[in-house]
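S.K.:
Numbering (my numbering), first residue to last: 56 to 143.
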């Protein structure tokens, strides 16, 4: 069994869990991470602003990234300055 931490980042803000989670292996940790993201992404995407990024990382016991899932809102070819504004 290995210890893992979750970190969520949005824009310039980031926070990692203080308490580790224990998983049998990386495959089990990945499965849990994708299930957690599946539960969160509906509300995250409804509130995501243009040119904003949200990500969840799975960190090992040394708090080094193992996996990352990201959601990015991009204003591609848009001339509306409100859509191109940095939401931070």
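Glycine included, each C-beta is placed from N, C-alpha and C at the ideal position.
List the endpoints of the continuous beta strand (DSSP E) containing residue 90.
M.R.: No beta strand (DSSP E) contains residue 90, which is instead part of the alpha helix (DSSP H) from 81-102.
S.K.: From 80, 70, 72, pick the residue whose C-alpha is nearest to that of residue 57; which is it?
M.R.: The shortest C-alpha separation from residue 57 is found at 80.
S.K.: Rounded to whole angstroms, what is the Cα-Cα separation between residue 83 and residue 130?
M.R.: Going from the Cα of residue 83 to the Cα of residue 130 covers about 35 Å.
S.K.: Quick check on this structure: which residue in 101, 76, 105 has the alpha carbon closest to the alpha carbon of residue 132?
M.R.: Looking at the Cα atoms, 105 is the closest of the given residues.
S.K.: Please confirm whether residue 62 and residue 112 have their CB atoms less than 7 Å apart.
M.R.: Their beta carbons are under 7 Å apart, which means residue 62 touches residue 112 by this criterion.
S.K.: Helix, strand or coil for residue 66 per DSSP?
M.R.: Coil at residue 66, not helix or strand.
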